[in-house]
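A.B. asks: Take this structure first; my questions come after.
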Amino acid sequence: MDFQTFLVVAFVISTIVSGLDKWVWSKQRRDQMNAAKQKKRNLDFDTAEKILAKPSWVEFSDSMFVLTCVAAIVWLMLPNFELILVVALGISFVITLVEKLYLEKKKKQQVHELYQRHSHPDEKEVQSISKMPWWIDYGWSFFPLLLIIVSLRSFFYEPFKIPSGSMKPTLWVHDFILVNKFAYGLRLPVTKTKLTDGAKPKRGDVVVFRAPHEPEKDYIKRLIALPGDTVYYTPSQQVFIKPNCRTEQAIAAAKKANLTCGVKNKIRQTLVSARGFEGADVYQENLAGVSHDILIEPEAKGVDRYSAQFVSRYNDAVRAGEKVNKRQLFASVGAYYEDWKKGVVVPENSFFVMGDNRNHSSDARFWGFVPESMMVGKAEAIWLHLEFGFEEKGGILSYIPTGVNFDRVGAIK
């Protein structure tokens, strides 16, 4: 039985049991207590509580009902952890309102009525009436914590874990980084509605964004070109940029980045170490004054991955009436969109990004530009790097950290 089937079965059974208890069995217990009161006028509280108490298996069913509802919500929203947090915050807020505006007053009224009936009521009975349901206690207790977490990760800094090697040697797998969420303007969680403008993304920034072909997934790459720039990319892994110089502001930005208007500016790459990182050549690339290391595999340098033969495949698909995206077609076979050779203009409100591990990065060369609306923030620092010594063995051992590499901690360049 898979998890989804188990969830449905558990939800149905717990709903039936809890429903029967609420509408049938609880009435039977009340009838039993009334009968006991008729036999014994001054029925003590412990005996009454024992008669009215739910069987343990019914309490277990109630707990399963709540847990399956929560699990179903989380299951439906995976992998959108941000949405899970926001929904949890909303639920805890509603519970807090119910507790503060309704249940507290109701409990106080019930205690007041108890003292009117009995001048010296049993203390256990007072505590029983005053006690909030467990889900109310948890709901309003978690509200302040959830509010702090959602506020911090939505408007200030959000932690991310690097899942792949596409940004080596700058970022490694198992690096834990902090992403500045207000660098490019504050956005509402989930809806991503922009609240403030913030600074403009710059060439050379390491940015986190939602990829246009996988909008539910966070990507991290280096920003190479701005809106209006013309990007050229050659089989020899060389990048050229003709900067956008249509406005005074754009001209000033190009000048600050040491890019000459009206010409193809070659982005300088200097060999630092041949086969110096996991068998790849390490080059220092200077992009708009930002120096950083990139990896290029020596056997791949000069290899043409534009694969022009796929143009005919695309044309055949178009003639057949199929709806095919040329760039995505190229990406599906691991080839670049061939027009990078001739130069492609970055659209307005979009950016061109690439991974520093140039031969092992799924990026704008394959699936296109990143819209400004899908920007998440600027990656600023590595705050932790965990080593997983049993990773190659697989299984549960691969999830057990075996050490911490403090040398990785620091600002991201």
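Once you know that position 63 of the sequence shown is 178 in my numbering, the rest is easy, because the numbers rise by one and skip nothing. Backbone N, C-alpha and C fix where the C-beta goes; we use that ideal spot for every residue, glycine too.
In angstroms, rounded to a whole number, what distance separates the CA positions of Val519 and Leu261?
C.D. replies: Your numbering for residue 519 matches position 404 in the sequence shown. Your numbering for residue 261 matches position 146 in the sequence shown. Val519 and Leu261: Cα-Cα distance of roughly 28 Å.
A.B. asks: Sorted by chain position, which residues of the same chain lie with C-beta nearer than 7 Å to Val418's C-beta, five sequence neighbours on each side aside?
C.D. replies: Taking the sequence shown and counting its residues from 1, one reaches residue 418 at position 303. Contacts found: Pro350.
A.B. asks: If Ala403 sits next to Gly319, beta carbons under 8 Å apart, how far is it from one beta carbon to the other, in whole angstroms?
C.D. replies: Within the sequence shown, the letter at position 288 stands for residue 403. Within the sequence shown, the letter at position 204 stands for residue 319. Going by Cβ atoms, the distance from Ala403 to Gly319 rounds to 5 Å, so yes, they are a contact pair.
A.B. asks: Give the DSSP bridge partners of His500, in chain order.
C.D. replies: Mapped onto the sequence shown, residue 500 falls at position 385. Asp290, per the DSSP bridge assignment.
A.B. asks: Just reading off the alpha helix (DSSP H) that Phe481 is part of, what are its end residues?
C.D. replies: Sequence index remark: in the sequence shown, residue 481 carries index 366 (1-based). Element bounds for Phe481: Ala479 to Trp482.
A.B. asks: Is the segment 461-471 close to the segment 326-346, with three or more CB pairs under 8 Å?
C.D. replies: A contact exists between the segment 461-471 and the segment 326-346.
A.B. asks: List the DSSP bridge partners of Glu273.
C.D. replies: On the sequence shown, residue 273 is found 158 positions in, with the first residue counted as 1. Paired residues: Val294.
A.B. asks: Comparing alpha-carbon positions, which option in Ala150, Val123, Val426 and Ser476 lies nearest Ala326?
C.D. replies: Numbered from 1 along the sequence shown, position 211 holds the residue referred to as residue 326. Selected option, being the one with the closest Cα: Ser476.
A.B. asks: Would you kindly report the start and end of the unbroken beta strand (DSSP E) that includes Asp396?
C.D. replies: Against the sequence shown, residue 396 aligns to sequence position 281. Taken as a continuous stretch (DSSP letters only), the beta strand (DSSP E) holding Asp396 covers Ala395 to Leu402.
A.B. asks: Hey, quick one: how far does the alpha helix (DSSP H) through Leu204 stretch, first residue to last?
C.D. replies: Reading the sequence shown from its first residue, position 89 is the one you call residue 204. From DSSP, the alpha helix (DSSP H) with Leu204 extends over Phe196 to Val213.
A.B. asks: Taking C-beta to C-beta, are Pro278 and Val294 nearer than 8 Å?
C.D. replies: Indexing the sequence shown from 1 puts residue 278 at position 163. Indexing the sequence shown from 1 puts residue 294 at position 179. Their beta carbons are not under 8 Å apart, which means Pro278 does not touch Val294 by this criterion.
A.B. asks: Is it true that the CB of Ala494 sits closer than 8 Å to the CB of Ile515?
C.D. replies: Position 400 of the sequence shown, counting from 1, holds the residue named residue 515. Position 379 of the sequence shown, counting from 1, holds the residue named residue 494. Not closer than 8 Å, so no.
A.B. asks: Tell me, to the nearest whole angstrom, how far the beta carbon of Asp146 is from that of Val173; I am working on the premise that it is less than 8 Å.
C.D. replies: Position 31 of the sequence shown, counted from the start, is the residue given in the question as residue 146. Position 58 of the sequence shown, counted from the start, is the residue given in the question as residue 173. The pair is not a contact, with the Cβ atoms about 17 Å apart (cut-off 8 Å).
A.B. asks: Relative to the C-alpha of Ala446, which candidate in Ser245, Tyr421 and Lys169 has its C-alpha closest?
C.D. replies: Counting from 1 along the sequence shown, the entry for residue 446 is found at position 331. Nearest of Ser245, Tyr421 and Lys169 to Ala446, Cα basis: Tyr421.
A.B. asks: Measure the C-alpha to C-alpha separation of Val185 and Lys155 and round it to an integer number of angstroms.
C.D. replies: For the purposes of this step, residue 185 is identified with residue 70 of the sequence shown, where counting begins at 1. For the purposes of this step, residue 155 is identified with residue 40 of the sequence shown, where counting begins at 1. Going from the Cα of Val185 to the Cα of Lys155 covers about 44 Å.
A.B. asks: Is it true that the segment 442-456 meets the segment 424-432, where meeting means three or more beta-carbon pairs spaced less than 8 Å apart?
C.D. replies: With the cut-off at 8 Å, the segment 442-456 and the segment 424-432 touch.
A.B. asks: Under DSSP, the beta strand (DSSP E) around His407 begins and ends at which residues?
C.D. replies: The sequence position of residue 407 within the sequence shown is 292, counting from 1. Note, His407: beta strand (DSSP E), Val405 to Ile411.
A.B. asks: To the nearest angstrom, how far is the alpha carbon of Lys381 from that of Gln353?
C.D. replies: As a working note, residue 381 is residue 266 in the sequence shown. As a working note, residue 353 is residue 238 in the sequence shown. Cα to Cα, the separation comes out at about 8 Å.
A.B. asks: In chain order, what residues of the same chain lie with their CB nearer than 6 Å to the CB of Lys276, ignoring the 5 residues before and after it?
C.D. replies: Residue numbering aside, residue 276 sits at position 161 when the sequence shown is read from its first letter. Within the same chain, Lys276 has close Cβ partners Phe291.
A.B. asks: Pull up the distance between the alpha-carbon of Phe297 and that of Ser488, whole angstroms please.
C.D. replies: Position 182 of the sequence shown, counted from the first residue, corresponds to residue 297. Position 373 of the sequence shown, counted from the first residue, corresponds to residue 488. Going by the C-alpha atoms only, they are around 14 Å apart.
A.B. asks: Roughly how many angstroms separate the alpha carbons of Cys360 and Ala369, rounded to a whole number?
C.D. replies: As a working mapping, residue 360 is identified with position 245 in the sequence shown. As a working mapping, residue 369 is identified with position 254 in the sequence shown. Whole-angstrom Cα-Cα distance: 7 Å.
A.B. asks: Could you check the C-alpha separation between Ala395 and Thr285 for me, to the nearest Å?
C.D. replies: Residue numbering aside, residue 395 sits at position 280 when the sequence shown is read from its first letter. Residue numbering aside, residue 285 sits at position 170 when the sequence shown is read from its first letter. Distance between the alpha carbons of Ala395 and Thr285: 14 Å.
A.B. asks: Between Gly391 and Met490, what straight-line distance do the alpha-carbon atoms span, to the nearest angstrom?
C.D. replies: Residue mapping note: residue 391 aligns to position 276 of the sequence shown, counting from 1. Residue mapping note: residue 490 aligns to position 375 of the sequence shown, counting from 1. Their backbone Cα atoms lie some 33 Å apart in a straight line.
A.B. asks: Hey, how far is the Cα of Gly509 from the Cα of Gly280?
C.D. replies: Reading the sequence shown from its first residue, position 394 is the one you call residue 509. Reading the sequence shown from its first residue, position 165 is the one you call residue 280. The alpha-carbon atoms of Gly509 and Gly280 are separated by roughly 19 Å.
A.B. asks: How far does the beta strand (DSSP E) with Val321 in it extend, from its first residue to its last?
C.D. replies: The count along the sequence shown starts at 1 and reaches residue 321 at position 206. Val321 to Ala326 is the span of the beta strand (DSSP E), which, as asked, contains Val321.
A.B. asks: Pull the bridge partners of Lys347 from the DSSP assignment, please.
C.D. replies: The residue labelled residue 347 in the question sits at position 232 within the sequence shown. The sequence shown places Tyr at residue 347, not Lys. DSSP output for Tyr347 lists Phe355 as bridge partner(s).
A.B. asks: Which word fits Arg434, buried or exposed, when buried means at least 16 other C-beta atoms lie within 10 angstroms of its C-beta?
C.D. replies: Residue mapping note: residue 434 aligns to position 319 of the sequence shown, counting from 1. By the 10 Å Cβ count, Arg434 comes out exposed.
A.B. asks: Candidates Thr183, Ala151 and Trp140: which alpha carbon is nearest Thr95's?
C.D. replies: No statement about residue 95 is possible, as the shown extent of the chain runs from 116 to 528 and does not include it.
A.B. asks: Where does Leu267 land, buried or exposed, given buried means 16+ other C-beta within 10 angstroms?
C.D. replies: In the sequence shown, residue 267 corresponds to position 152, counting from 1. Leu267 is exposed by the Cβ-count criterion.
A.B. asks: According to DSSP, what are the bridge partners of Gln384?
C.D. replies: As a position in the sequence shown, residue 384 is number 269, starting the count at 1. DSSP output for Gln384 lists Glu400 as bridge partner(s).
A.B. asks: Quick one: give me the first and last residue of the alpha helix (DSSP H) that Leu229 is part of.
C.D. replies: As a first step, residue 229 must be located in the sequence shown, where it is residue number 114. Looking at the DSSP string, the run of the alpha helix (DSSP H) that includes Leu229 is Glu219 to Arg232.
A.B. asks: Could you pull out every residue in the same chain whose Cβ sits closer than 8 Å to the Cβ of Ile166, ignoring the five residues on either side in sequence?
C.D. replies: In the sequence shown, counting from the first residue as 1, residue 166 sits at position 51. Contacts found: Arg144, Gln147, Met148 and Ala151.
A.B. asks: Just verifying my parser: in three-state terms, what is the DSSP assignment at Gly254?
C.D. replies: Locating residue 254 in the sequence shown gives position 139, counting from the first residue. If DSSP states are grouped into helix, strand and coil, Gly254 belongs with the helices.
A.B. asks: Check Ile366 in the structure and name its three-state DSSP category.
C.D. replies: Translated into positions along the sequence shown, residue 366 becomes position 251. Correct three-state label for Ile366: helix.
A.B. asks: Can you tell me whether Asn373 is buried or exposed? The criterion is at least 16 other CB atoms within 10 Å of its CB, across all chains shown.
C.D. replies: Taking the sequence shown and counting its residues from 1, the one referred to as residue 373 is at position 258. Its Cβ having fewer than 16 others within 10 Å, Asn373 is exposed.
A.B. asks: Compute the Euclidean distance between the alpha carbons of Leu204 and Leu218, then round it to the nearest angstrom.
C.D. replies: Mapped onto the sequence shown, residue 204 falls at position 89. Mapped onto the sequence shown, residue 218 falls at position 103. Each residue's Cα considered, the two are about 20 Å apart.
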